[in-house]
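Each remark here refers to the structure printed beneath this line.
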Amino acid sequence: MSAGGGTRAIVAALLANLGIAVTKFVAYLLTMSSSMLAESIHSVADTGNQALLLVGGKRARRAPTAQHPFGYGRERYVYAFIVAIVLFSLGGVFALYEAWHKWSDPHGITSWHWVPVTVLLVAIVLESFSFRTAIKESNLVRGRQSWTRFIRRSKAPELPVVLLEDFGALVGLLFALFGVGMTLATGDGRWDAVGTAMIGLLLVTIAIVLALETKSLLLGEGAEPAEIAAIEQAVTGGPEVERIIHMKTLYLGPDELMVAAKIAVARWETAEELARGIDAVEARIRAAVPTARVIYLEPDIYRGEVGPAEASGRSGS
């Protein structure tokens, strides 16, 4: 994912949510609608989340240090996980609490009847523009993947997070419009509570999905099958390597892949020739998979299949 594309989507979502949050909160103060309060807090949470993503992206660009020799790329995953926690607690759980409170003490909307409907309709338009920006930027890197696979397999967390937040915001606005509309039509405030509960359940669900996907990135994910195939082809695509004995990959950050492999090499006459051969293999790997920036190749002589005991004894070779 291009950093610029992700940043554009985040900034668009942040500006939209900031304006919407203020408008919703004013509408809540005028009408005391629980759906409007839940949506206000939802927009505040989204605004804070987009700020967290921007902070995470900036901190991830710090140079490596002796204590963190592989850099800080995974900090983007940490901040994305914090986003999931904020969305769950400040957005989802608060909305569910407010729904319970409104159900226990229902009251209709007695004044400013046109305000919540107008605010929600305007918010839907603004959120649609933000969602459109996220979709447009995602399509630049999504390729032929389905949306589900893109969200689940993307190594860069920003666009999937913004996509899910914007989607949740749009659906949440429809839920709020349902609750407010039914309350205005019937005078029964419990419909407002129902709309608020629907918003809460939606946000909790989205937060859980984000937390699970981000947790996988935090634990460390390897390269995609297509990337592994390209790396294998690059390694064995020249005369330097007879075969790959074993190989492991790990994403150190969204844009940095580590490749570690033990390779069976031809019998070189000098160490200098061997070094040149390994350099050539590394160059082919980086050309095939540009994110493969950290490469460790251990040359060895392939001795054919061996038994478990012998393999264990040679595992440190």
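If you read the sequence shown in the working numbering, its first letter stands for residue 4, the second for the next number, and so on.
Even for Gly, the Cβ is constructed at its ideal location relative to N, Cα and C.
Coarse secondary structure for residue i, derived from DSSP in three states
i: K27; result: helix
i: I266; result: strand
i: T121; result: helix
i: R317; result: Any reading at R317 must be qualified, since the residue scores a pLDDT of 44, below 50, and its modelled position is unreliable; the value itself is stated next. Reduced to three states, the DSSP call for R317 is coil.
i: H104; result: helix
i: E321; result: Not covered by the structure: residue 321. The range shown for the chain is 4 to 320.
i: L17; result: helix
i: A295; result: strand
i: A12; result: helix
i: G22; result: helix
i: K218; result: helix
i: Y254; result: strand
i: P163; result: helix
i: Q148; result: coil
Per DSSP, the bridge partner or partners of residue i
i: E301; result: K265
i: R246; result: A267
i: L260; result: Y254, A295
Buried or exposed by the 16-neighbour rule on C-beta atoms within 10 Å, applied to residue i
i: I304; result: exposed
i: F134; result: buried
i: S320; result: For S320, the predicted model reports a pLDDT of 42, less than 50, meaning its position is unreliable and no value from the coordinates is stated.
i: K27; result: buried
i: S43; result: buried
i: P228; result: exposed
For residue j and residue i, believed in contact at Cβ under 8 Å, the rounded distance
i: E216; j: I138; result: With a Cβ gap of about 18 Å, E216 and I138 do not count as contacting.
i: G198; j: F178; result: 5 Å
i: G184; j: L206; result: The Cβ separation is near 20 Å, so there is no contact.
i: K251; j: D195; result: Contact flag wrong, Cβ pair sits at about 54 Å.
i: R11; j: E101; result: No, R11 and E101 are not in contact; Cβ-Cβ is about 33 Å, not under 8 Å.
i: Q70; j: N20; result: Not a contact, Cβ separation roughly 36 Å.
i: G146; j: L255; result: Going by Cβ atoms, the distance from G146 to L255 rounds to 23 Å, so no, they are not a contact pair.
Touch test, the region 287 to 302 against the region 232 to 247, Cβ-Cβ under 8 Å, three pairs minimum
A contact exists between the region 287 to 302 and the region 232 to 247.
Say whether the region 142 to 160 touches the region 31 to 40, bearing in mind that this needs 3 or more beta-carbon pairs closer than 8 Å, one atom from each stretch.
no
Using 8 Å as the threshold, is the region 65 to 74 in touch with the region 82 to 95, meaning 3 or more CB pairs across them?
These segments do not touch.
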